[in-house]
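Below is one structure, written out as structure tokens; comments come after it.
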Amino acid sequence: MPLSSTAPDAPAAPPVLDVLRAVGEAAYVWDVASDALVWTDNAADLLGLDGRFPIDTATRYDALIDPEALTTRRSAVFGASAPDAGEGAPFEVEYAIRRGGRARRLWVQDRGRWYAGEDGRPARVAGVVRLLGAHHERAEQLALAARFDPLTGQIARPRLLEIAEAALQAGARMQTPSSFALVALSNLGAINDAYGFALGDRAVMEVARRLRGVMRGGDSLGRFSTSTFGLVLQECDGPDLQVAARRFVAAVNEEPLPTEFGPVSVRIAVGGVVAPRHARDVKELVDRGRSALSRAANAVSATHIYTPDPEREEARRSNVRLADELMQAINARRLTLAFQPVLRASTREVCWSEALVRVRVADGRVVSGGPLVQAAEEVGIVHALDHRVLDLAIRHLAANPAARVAVNISASTTSDVAWMDALTSWLTLRPDLAERLMVEITETVAIADLTVTAGFVDGLRERGVKVAIDDFGTGHTSFKALKQLAIDLVKIDGSFVKDLAGPSDSGAFVRALLALSRELGFETVAEQVETAEVADLLTGWGATYLQGDFLAAAAVPAEG
Numbered sequence: 001m002p003l004s005s006t007a008p009d010a011p012a013a014p015p016v017l018d019v020l021r022a023v024g025e026a027a028y029v030w031d032v033a034s035d036a037l038v039w040t041d042n043a044a045d046l047l048g049l050d051g052r053f054p055i056d057t058a059t060r061y062d063a064l065i066d067p068e069a070l071t072t073r074r075s076a077v078f079g080a081s082a083p084d085a086g087e088g089a090p091f092e093v094e095y096a097i098r099r100g101g102r103a104r105r106l107w108v109q110d111r112g113r114w115y116a117g118e119d120g121r122p123a124r125v126a127g128v129v130r131l132l133g134a135h136h137e138r139a140e141q142l143a144l145a146a147r148f149d150p151l152t153g154q155i156a157r158p159r160l161l162e163i164a165e166a167a168l169q170a171g172a173r174m175q176t177p178s179s180f181a182l183v184a185l186s187n188l189g190a191i192n193d194a195y196g197f198a199l200g201d202r203a204v205m206e207v208a209r210r211l212r213g214v215m216r217g218g219d220s221l222g223r224f225s226t227s228t229f230g231l232v233l234q235e236c237d238g239p240d241l242q243v244a245a246r247r248f249v250a251a252v253n254e255e256p257l258p259t260e261f262g263p264v265s266v267r268i269a270v271g272g273v274v275a276p277r278h279a280r281d282v283k284e285l286v287d288r289g290r291s292a293l294s295r296a297a298n299a300v301s302a303t304h305i306y307t308p309d310p311e312r313e314e315a316r317r318s319n320v321r322l323a324d325e326l327m328q329a330i331n332a333r334r335l336t337l338a339f340q341p342v343l344r345a346s347t348r349e350v351c352w353s354e355a356l357v358r359v360r361v362a363d364g365r366v367v368s369g370g371p372l373v374q375a376a377e378e379v380g381i382v383h384a385l386d387h388r389v390l391d392l393a394i395r396h397l398a399a400n401p402a403a404r405v406a407v408n409i410s411a412s413t414t415s416d417v418a419w420m421d422a423l424t425s426w427l428t429l430r431p432d433l434a435e436r437l438m439v440e441i442t443e444t445v446a447i448a449d450l451t452v453t454a455g456f457v458d459g460l461r462e463r464g465v466k467v468a469i470d471d472f473g474t475g476h477t478s479f480k481a482l483k484q485l486a487i488d489l490v491k492i493d494g495s496f497v498k499d500l501a502g503p504s505d506s507g508a509f510v511r512a513l514l515a516l517s518r519e520l521g522f523e524t525v526a527e528q529v530e531t532a533e534v535a536d537l538l539t540g541w542g543a544t545y546l547q548g549d550f551l552a553a554a555a556v557p558a559e560g
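Counting in the UniProt record's numbering, the sequence shown runs without a single skipped number right up to 560 at its last residue.
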């Protein structure tokens, strides 16, 4: 129908098809129920298609879209965040189509409106496609490079979280569940340590390949961090997520990776959460996915699906409250240190002291900072505590020329450049303090990423600081790994030492640890020595040092 005009001598409006040809566009209508896709007559010419590439259904058209496309018309319509309020909901998306396997990609802009049916879901879509210039190809290549992980080819974390956000919004609107899963390559550190980073990279790529091989077509896989992948699973509820998680574990864990060194075991754990039932936004999705992954690491099945746990939620709230108290104590200078002596076993002379966190409360009492330290680790602010402890320990050494002090550090501090810079600054001013300072790293922290730990230990030793492995015996560190870390001594976990006072199998284990340590040239500290009998046993078995309340309790110095 011609367009009306108030001017009697105005030219007649050109046919719509002529207008579309002139501006390089083609229009379409998509009936979702039948999948029929009706185009204006110029569509095939515009897109450079012939009879080999029919586009009379949305499914056939989708088959031409480049597999690397981040979004499509279908995903834009069904993933839209805004509903149809009666006038249609707008969308706009850009993607490439391929006319045959080797043909150059043709970039198009696709924009229009979708109209909802009685159920609120898209029922009809009307729009136009427009060709984009060659410059768009280069711009899109740059965008793809930023959005994809260069090692595995999977989407990068920012894009993965965008997809998760879209799935959350679509699920809330359509009342359909989606799931988010984190997949951790549990033994990547051990593979890097034993075979080198090149094989570690191969393991990461192989995990991605195997996960991709057992995923559903509509789901998304991305590189979440160095050793962790993330998955967004569309229309996936709790039982489906559990089945998927077990499928992922089986695909990776049941078959070793063939290498020039022989078969290498690759192990993953999977933790997931269903949204929007158990996560209302992306932050909750990630936090609860991490919580589930942490529990999956200790599960026989290597999988865990998040479910609300009142006790766990209360513990989380308690951690937040305690972490806030810790920050207040740090800011108000109410954080202090108590020092527990470590004695030479053969002579019972004091050789150094371990610095333990204490807090001065309102009534002037000094209480243990243990719960606050644990809360800080859970909440993620333990780096602030480690900085303050270093500051207090250094000041104590400077004020007490005869003192020797050991400080504990958390996992995050092994990769905290600012902490190492602070230590360097102190030792530049007072290089004489280095030989009187020791840093304790727990065994679980040390083995979490041996490469990071080794770099941290090397940095300490370059500055003249001694290094100890704390809580030894609770993890799975090999003595070969300890030799590679070039530590000075190991501290045998107190839980084994305490058991020596009664009937247990700890005696043989402790004797073995002491003998192996001695053979490899490590000095040893036995922690939590609580009786004279146990002290004498350990001395006889060759422990170098002893520590415990029976020998000397921790105390806050008068100047603290």
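The beta carbon of each residue, even a glycine, is placed where N, CA and C say it ideally should be.
Reference D536, options A399, V467, L343, closest by Cα: Ranked by Cα distance from D536, the options A399, V467, L343 are led by L343.
Delimiting residues of the beta strand (DSSP E) encompassing residue 603: Beyond the ends of the chain as shown, which are 1 and 560, falls residue 603; an answer cannot be given.
V23 burial status per 10 Å Cβ neighbour count (16 or more: buried): Burial call: exposed.
Sub-8 Å separation of A116 and P90 beta-carbons: Contact: no.
Per-residue DSSP class, three states only, for N192: Note: N192 maps to helix in three-state DSSP.
Segment contact, 8 Å Cβ cut-off, at least three pairs: the stretch 304 to 319 with the stretch 182 to 189: Touching, no, given that fewer than three Cβ pairs across the two stretches are closer than 8 Å.
Cβ-based neighbour list, L372, same chain, cut-off 6 Å, excluding 5 preceding and 5 following: Here the set comprises L322, L326.
For E92 and R111, believed in contact at Cβ under 8 Å, the rounded distance: Correct: roughly 4 Å between the Cβ atoms.
Extent of the continuous beta strand (DSSP E) run through D66: No residue range can be given for D66, since it is assigned to no beta strand (DSSP E) and is classified by DSSP as neither H nor E.
Beta bridge counterpart(s) of Y115 as assigned by DSSP: According to DSSP, which records beta bridges pairwise, Y115 is partnered with R124.
Rounded Cβ spacing between V214 and S178 (contact assumed at less than 8 Å): In fact, because the Cβ distance is near 18 Å, the residues do not count as touching under 8 Å.
Nonlocal neighbours in the same chain, by C-beta distance under 7 Å from S368, ignoring five residues either side: Beyond the five residues adjoining it in sequence on each side, S368 comes within less than 7 Å, by CB distance, of R358 in the same chain, given in chain order.
Within-8 Å CB hit, H383 to chain C: In the structure shown, chain C does not exist; there is a single protein chain.
Close-in-space but distant-in-sequence residues of the same chain around V361 (CB under 7 Å, 5 per side omitted): Excluding positions up to five away in sequence, the list reads V367.
Minimum C-alpha distance to D201 - residue among T152, N253, G171, A244: When each option's Cα is compared against that of D201, the closest is T152.
Residue environment, K466, which counts as buried when at least 16 other CB atoms sit within 10 Å: Under this definition K466 is a buried residue.
Assigned secondary structure, Y61 (DSSP; H/G/I helix, E/B strand, else coil): The answer is helix: DSSP assigns Y61 an H, G or I state.
Segment contact flag, the stretch 275 to 290 with the stretch 249 to 267, C-beta cutoff 8 Å, min 3 pairs: Result no; under three Cβ-Cβ pairs closer than 8 Å.
P239 to H304 span [Cα, whole Å]: Cα-Cα distance, rounded: 12 Å.
L500 versus G507: straight-line alpha-carbon distance, rounded: Rounded to whole angstroms, the separation of the alpha carbons of G507 and L500 is 6 Å.
Boundaries (first-last residue) of the alpha helix (DSSP H) holding P239: Taken as a continuous stretch (DSSP letters only), the alpha helix (DSSP H) holding P239 covers 238 to 253.
Buried versus exposed call for G222 [16 or more other C-beta atoms within 10 Å across all chains shown]: Buried is the label assigned to G222, since at least 16 other Cβ atoms lie within 10 Å of its Cβ.
Sheet register partners of Q109 (DSSP bridge): The beta-bridge partner set that DSSP reports for Q109 consists of E94, R130.
Residue span of the alpha helix (DSSP H) that contains F496, given as start and end: Here the alpha helix (DSSP H) through F496 covers 494 to 498.
Proximal residues to S5 (C-beta, below 7 Å), its chain only, five neighbours per side dropped: Because the pLDDT at S5 is just 40, under 50, the model does not fix this residue reliably, and the point stays unresolved.
C-alpha distance - I163 paired with T71, whole-angstrom precision: One C-alpha to the other measures close to 10 Å.
Bridge partners - E25, DSSP secondary structure assignment: In the DSSP output, where bridge partners are listed per residue, E25 has R130.
C-beta contact flag for L390 and L423 at 8 Å: Cβ distance < 8 Å, so L390 and L423 count as in contact.
For L489 and L433, believed in contact at Cβ under 8 Å, the rounded distance: The beta carbons of L433 and L489 sit about 19 Å from each other, so the pair does not count as a contact at 8 Å.
Between the CA atoms of A393 and L513 - distance to the nearest angstrom: C-alpha separation (whole angstroms): 30 Å.
Residue from V204, E235, V300 with nearest C-alpha to P276: With distances taken between Cα atoms, P276 lies closest to E235.
Three-state class that DSSP yields for T531 in the structure shown: If DSSP states are grouped into helix, strand and coil, T531 belongs with coil.
Cβ neighbour criterion (16 or more within 10 Å) applied to P341: By the Cβ-count criterion, P341 is buried, with 16 or more other Cβ atoms from all chains shown falling within 10 Å of its own Cβ.
Ranges of the alpha helix (DSSP H) found wholly within the stretch 337 to 403, counting only runs of at least 4: As summarised for the stretch 337 to 403, the continuous alpha helix (DSSP H) elements at least 4 residues long and confined to that stretch are 370 to 379, 382 to 399, given in chain order.
For I381 and Q374, the rounded distance between their alpha carbons: Cα to Cα, the separation comes out at about 10 Å.
Counted within 10 angstroms of its Cβ, other Cβ atoms place N408 as buried (16 or more) or exposed: Classification for N408: buried.
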